[in-house]
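Chemist: Take this structure first; my questions come after.
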Amino acid sequence: MKTLTLLRHAKSSWDDAITRDFDRPLNAKGARAGTAMGAHLRQLGCRFDHLVASPARRVVETLDHFRRGYGSLPEEQSNRLLYLASEGTLLDAVRALPADVDRALLVGHNPGLEDLVLLLSAESNPLRGAVEEKFPTASVAVLELDGDWASAGNGCGHLVTFVRPRDLDPSLGPNHD
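In this text, residue positions in the sequence shown follow my numbering: the first is 2, and each later residue adds one.
What follows is the structure, given as structure tokens:
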């Protein structure tokens with residue numbers, strides 16, 4: 002069984018009107034959420050053999066803060082195709098994961114990540130409702146997939162964990178800047 006963990010970048014700053022979207026940094030709340038999510042996944046015992054991430058600044062900074070809470074991670078494989086990727090592009094990235102990897106962490110953006118969770122997870126899963134409602138910044142979805150990476154597709158996974166920053170600390174939720 003393969004385990005795929007999807008992490009959406011943390012909350013970014015919109016303070017600099019001239020910054021390209023790709024270069025937007027995290028805001029203070031995003032930094033706290035990234036660290037909290039890393040600590041939470043460490044406590045859950047989540048492990049990763051492989052890490053693929055968008056090279057956008059907010060993703061890079063999310064991973065920096067995630068590491069502060071989590072600890073050491075595999076060497077990051079930066080993939081420009083993951084920047085604002087659609088569910089189809091993300092699914093291609095999953096299918097291209099090395100066969101010897103059992104536990105992958107993929108870090109990127111919405112709406113692609115949310116759409117990928119909904120594509121891969123069985124419709125009868127009770128956690129789907131929360132994902133369908135919203136996949137907020139710094140949220141994590143963990144899926145256990147039937148089969149190998151190359152055969153990943155519609156309904157092949159079981160959504161076993163979905164956690165939002167506000168689930169860990171209400172001050173990390175909406176309307177708490």
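Glycine included, each C-beta is placed from N, C-alpha and C at the ideal position. All values reported here derive from a predicted model rather than from experimental measurement.
Taking only the alpha-carbon atoms, compute the straight-line gap between Arg-48 and Arg-58 and give it to the nearest angstrom.
Modeler: The sequence position of residue 48 within the sequence shown is 47, counting from 1. The sequence position of residue 58 within the sequence shown is 57, counting from 1. Between Arg-48 and Arg-58, the C-alpha separation is close to 24 Å.
Chemist: On the DSSP letters alone, give me the boundaries of the beta strand (DSSP E) that Phe-163 sits inside.
Modeler: Against the sequence shown, residue 163 aligns to sequence position 162. Element bounds for Phe-163: 158 to 164.
Chemist: Arg-33 lies in the alpha helix (DSSP H); which residues open and close that run?
Modeler: Indexing the sequence shown from 1 puts residue 33 at position 32. Counting along the chain, the alpha helix (DSSP H) containing Arg-33 begins and ends at 29 to 45.
Chemist: Excluding the five sequence neighbours on either side, which residues of its own chain have a C-beta within less than 7 Å of the C-beta of Leu-88, listed in chain order?
Modeler: Taking the sequence shown and counting its residues from 1, the one referred to as residue 88 is at position 87. Sequence inspection shows Glu at residue 88; the Leu mentioned does not correspond to that position. So the list reads Gly-113, Asp-116, Leu-117 and Leu-120, once near-sequence residues are dropped.
Chemist: With H, G and I counted as helix, E and B as strand and the rest as coil, what does DSSP make of Ala-142?
Modeler: Translated into positions along the sequence shown, residue 142 becomes position 141. DSSP places Ala-142 in the strand class (E or B) of the three-state scheme.
Chemist: In whole angstroms, what separates the C-alpha of Val-143 from that of Trp-15?
Modeler: Residue mapping note: residue 143 aligns to position 142 of the sequence shown, counting from 1. Residue mapping note: residue 15 aligns to position 14 of the sequence shown, counting from 1. Going by the C-alpha atoms only, they are around 29 Å apart.
Chemist: Between which residues of its own chain and Val-60 is the CB-CB distance below 7 Å, once the five residues before and five after are set aside?
Modeler: Counting from 1 along the sequence shown, the entry for residue 60 is found at position 59. Answer for Val-60: His-10, Ala-54, Val-108 and Gly-109, listed in chain order.
Chemist: Beta carbon of Leu-146, beta carbon of Gly-158: below 8 Å?
Modeler: The count along the sequence shown starts at 1 and reaches residue 146 at position 145. The count along the sequence shown starts at 1 and reaches residue 158 at position 157. Yes, Cβ-Cβ distance for Leu-146 and Gly-158 is below 8 Å.
Chemist: Assign Arg-48 to one of three DSSP states: helix, strand, or coil.
Modeler: What you label residue 48 is simply residue 47 of the sequence shown in a count that begins at 1. Note: Arg-48 maps to coil in three-state DSSP.
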